[in-house]
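There are 2 protein chains.
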Amino acid sequence: MISIFNLEKSPPYEKFQKLYDDAIKLKQPSIEAICISSYSKNLSLVDSRFVNLKYVRENEWIFFSNYNSVKAMQFDEHNQISACMYWHKTDTQIRLKAKIKKSDKNFSDNHYIKREISKNALAHSSNQSKIINSYDDVKNKYAKCLNDENLLIKRPEYWGGYSFVPYQIEFWVGNPNRLNYREMHEMVDESWTKTILEP
Amino acid sequence: MISIFNLEKSPPYEKFQKLYDDAIKLKQPSIEAICISSYSKNLSLVDSRFVNLKYVRENEWIFFSNYNSVKAMQFDEHNQISACMYWHKTDTQIRLKAKIKKSDKNFSDNHYIKREISKNALAHSSNQSKIINSYDDVKNKYAKCLNDENLLIKRPEYWGGYSFVPYQIEFWVGNPNRLNYREMHEMVDESWTKTILEP
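Quick mapping for you: the protein sequence lines, in order, are chains G and S. The opening position of the first sequence corresponds to residue 6 in this note's numbering, with each subsequent residue numbered one higher. The opening position of the second sequence corresponds to residue 6 in this note's numbering, with each subsequent residue numbered one higher.
Here you go:
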């Protein structure tokens, strides 16, 4: 589930709310899974991974991550990202282009204290994406953190939200003959425009 | 479903076959949905979209597209891509980095003649991703093509396969406490190496 609140009153966000509600009605599993694509300027490399989209508030889409992770470095090098979700229950795809930045600290703090201790232990124990000798080492580091209660009540500086504000949102709805419906919303001069794209 | 054949005999491809079989056993829907991320050098823009992965043969992963589409231009400008699949039934993510190129023509021809006429009509009727006045125009252009049988038996030059050969494959398997298992395979000096990554 995605926590959606105070949505911007605009055509793309009304459409988003409707498509989300349709998918929820059909019990779309992992509805919060979103593929975030980034670019390392230093390495000239496109990269991508699924994360859990936790919030959409107003026009801001938010997930949480380690700020020392590979993707964090990529966001530093190139702050434009692409994001993509696919919900098979309604054969719907949502494609976004956006600029990304760290969420404000209070928002990250508030999210952190609501999380389960077991997840926060991992935020402390893991050097995300670093090579480690074995999966047993992952488990051992984690078990150590899990016993340190002082550690777990405070959000680590290097863990928090990423907020992205889309300037382009495409809604794609599949059709058996590939006659897919594609509706593109773009922010032009601070207002949204809508066009239909060929499938 | 993905058509998998003559897989390369190597650790990442054995792992891929196993994870695929596990997901198929649990009837993972849309198992062929893969998010392809690309980069427009001219516009300094990351972009991404889901496509249907049709084949994995040997070490080549293949989907089909319009060669005049936006993504086709992006592949021309920057031939490195990232690809990502997520299967919720097994909480498994597969992340790839690869170089992409057009598939050989015979392969595209063979795939094209096996497709349903109704899909081939769309390959002919659509200027993929171009702006069009209305969805009714999409349907009208399509209806016209559907009646032209001569058109439908020949693959258009501008439609065909894209093949990508991964040089990096990460298998990510989720764990309730975020103690996710991450196994990275990388091609180094023409052979695969395997490492474990922190979650």
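Where a beta carbon is used, it is the ideal one built from N, C-alpha and C, also for glycine.
Query: Same chain only: Cβ atoms within 6 Å of Q173 (chain S), ignoring 5 sequence neighbours per side; Result: K102, E191
Query: Length of the line joining the Cα atoms of S113 (chain S) and L12 (chain S); Result: 19 Å
Query: Pairwise C-alpha distance: S123 (chain S) and G165 (chain S); Result: 16 Å
Query: Close Cβ partners of F69 (chain S) (< 6 Å) along its chain, the five nearest in sequence each way excluded; Result: G166
Query: Cβ distance (whole Å) where I105 (chain S) is taken to contact N84 (chain S) below 8 Å; Result: 6 Å
Query: For L48 (chain G), the three-state DSSP class (helix, strand or coil); Result: coil
Query: Where R90 (chain S) falls: helix, strand or coil (DSSP); Result: The question names Arg, but residue 90 (chain S) is Met in the sequence shown. Strand.
Query: Beta-carbon neighbours of S113 (chain G), restricted to chain S and to distances below 8 Å; Result: None at all; the shortest Cβ gap to chain S is about 16 Å.
Query: Chain S contact residues for R100 (chain G), given Cβ-Cβ distances below 9 Å; Result: D52, S53, R54, F55
Query: For I122 (chain S), the first and last residue of its enclosing alpha helix (DSSP H); Result: 122-130
Query: Of the residues S:R100, S:M189, S:K30, S:D142, the one placed nearest S42 (chain G), counting alpha carbons only; Result: S:R100
Query: Enclosing alpha helix (DSSP H) for Y117 (chain G) [first to last residue]; Result: 110-119
Query: Closer than 7 Å at the beta carbon, the chain G residues around T200 (chain S); Result: I136
Query: Exposure of P181 (chain G), with buried meaning 16 or more beta-carbon neighbours within 10 Å; Result: exposed
Query: Helix, strand or coil at K199 (chain G) according to DSSP, with G and I counted as helix; Result: strand
Query: Nearest candidate by alpha-carbon position, reference A38 (chain S), set G:I29, G:A28, G:K14, G:C89; Result: G:C89
Query: Residue burial classification, K146 (chain G) (beta-carbon count within 10 angstroms, cutoff 16); Result: buried
Query: Other residues of its chain near F1 (chain S): CB distance less than 7 Å, five sequence neighbours each side excluded; Result: In the structure displayed, chain S extends from 6 to 204; residue 1 (chain S) sits before or after that span and is not available.
Query: CB contact check: E127 (chain G) to chain S, cutoff 8 Å; Result: Note that residue 127 (chain G) is Leu in the sequence shown, not Glu. Output row for L127 (chain G): interface = yes.
Query: Residues bridged to V61 (chain G) [DSSP beta-bridge criterion]; Result: G:I9, G:W66
Query: Residues of the stretch 66-78 of chain S with Cβ closer than 8 Å to any Cβ of chain G, in chain order; Result: none
Query: Beta-carbon spacing of S74 (chain G), S134 (chain G) below 8 Å; Result: yes
Query: Cβ-based burial, N125 (chain S) [other Cβ within 10 Å; buried from 16]; Result: buried
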